[in-house]
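> Below is one structure. I have some questions about it.
Numbering (my numbering), first residue to last: 27 to 175.
Right under this line is the structure:
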């Protein structure tokens with residue numbers, strides 16, 4: 027799945043704050059470099075294939091491990107597609123946001139969801155929860171993929 031828009035972000039330059047660290051290995055640097063060249067969301071398998079295409083000798087398990095750590099530390103965006111597969115990309119913003127992703131072409135647009143934020147906080151508070159986090163994934167059909175009527 028790919029997106030029509032390119033992303034750039036300095037987020038990958040900061041060190042992880044929790045979980046397993048992505049060490050400054052050649053493999054980790056290659057992964058970060060590839061993420062910088064890909065537009066849109068891609069599966070770990072697609073990212074691994076691109077690394078291999080570029081001649082990098084990195085295992086799929088290593089790619090998954092590094093992507094997980096980068097995602098946990100908000101250094102890459104991770105969404106689940108409709109089949110449940112996790113897709114990753116470097117993101118254009120360091121602030122909390124959501125995505126609307128096209129079911130047909132995979133194009134993804136970043137959106138703010140102030141109403142979603144308020145709703146999540148309210149629902150959690152009503153249940154007695156604090157230190158709330160959430161994930162919202164929105165899918166639809168983009169204007170370019172809507173059949174002409």
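Backbone N, C-alpha and C fix where the C-beta goes; we use that ideal spot for every residue, glycine too.
All of these numbers come straight from a predicted model, not from anything done at the bench.
Hey, residue 61 and residue 133 are a contact pair by Cβ (cut 8 angstroms); roughly how many whole angstroms apart?
Locating residue 61 in the chain shown gives position 35, where the first residue counts as 1. Locating residue 133 in the chain shown gives position 107, where the first residue counts as 1. Residue 61 to residue 133, Cβ: 18 angstroms. No contact.
> List in chain order: all unbroken beta strand (DSSP E) runs of 3+ residues lying wholly within the segment 95 to 152.
103 to 106, 112 to 115, 124 to 128, 134 to 137
> Span of the beta strand (DSSP E) holding residue 166?
In the chain shown, residue 166 corresponds to position 140, counting from 1. 163 to 166 is the span of the beta strand (DSSP E), which, as asked, contains residue 166.
> Considering only residues of the same chain and omitting the five flanking positions on each side of residue 106, which have a CB-CB separation below 7 angstroms?
Position 80 of the chain shown, counted from the first residue, corresponds to residue 106. Only 112, 163 meet the Cβ criterion.
> Would you list the residues sitting across from residue 69 in a DSSP beta bridge?
Translated into the one-based positions of the chain shown, residue 69 becomes position 43. DSSP lists 113 as the bridge partner or partners of residue 69.
> So what's residue 82 in DSSP terms, helix, strand or just coil?
Here residue 82 corresponds to residue number 56 of the chain shown, with the count starting at 1. In the three-state reduction of the DSSP assignment, residue 82 falls in the coil class, being assigned neither a helical nor a strand state.
> Indicate whether residue 155 and residue 129 have their beta-carbon atoms separated by less than 8 angstroms.
Position 129 of the chain shown holds residue 155. Position 103 of the chain shown holds residue 129. Using a Cβ distance threshold of 8 angstroms, residue 155 and residue 129 do not count as a contacting pair.
> What is the DSSP secondary structure of residue 158, reduced to helix, strand or coil?
Your numbering for residue 158 matches position 132 in the chain shown. In the structure shown, residue 158 sits in coil (DSSP, three-state: anything other than H, G, I, E or B).
> Is residue 64 near residue 92, with beta carbons less than 8 angstroms apart?
Counting from one through the chain shown, the residue named residue 64 turns up at place 38. Counting from one through the chain shown, the residue named residue 92 turns up at place 66. For residue 64 and residue 92, no; Cβs fall outside 8 angstroms.
> Excluding the 5 residues flanking residue 44 on each side, which residues of the same chain have their C-beta closer than 7 angstroms to its C-beta?
Here the question's residue 44 lines up with position 18 in the chain shown. At residue 44, the pLDDT of 44 sits below 50, so the modelled position is not reliable; the number obtained from the coordinates is stated separately. Excluding residues within five positions, the ones whose Cβ falls inside 7 angstroms are 98, 99.
> What would DSSP say about residue 60, mapped onto helix, strand or coil?
In the chain shown, residue 60 corresponds to position 34, counting from 1. DSSP, reduced to helix, strand and coil, places residue 60 within a helical segment of the structure shown.
> Is it buried or exposed for residue 81, if we count other Cβ within 10 angstroms and need 16 for buried?
Sequence index remark: in the chain shown, residue 81 carries index 55 (1-based). Label assigned to residue 81: exposed.
> Could you tell me which of 96, 72, 152, 123 sits nearest to residue 140, measuring between CA atoms?
Counting from one through the chain shown, the residue named residue 140 turns up at place 114. Among 96, 72, 152, 123, the Cα nearest to that of residue 140 belongs to 123.
> Would you kindly work out how many angstroms separate the C-alpha atoms of residue 169 and residue 67, rounded to a whole number?
As a position in the chain shown, residue 169 is number 143, starting the count at 1. As a position in the chain shown, residue 67 is number 41, starting the count at 1. Cα to Cα, residue 169 sits roughly 19 angstroms from residue 67.
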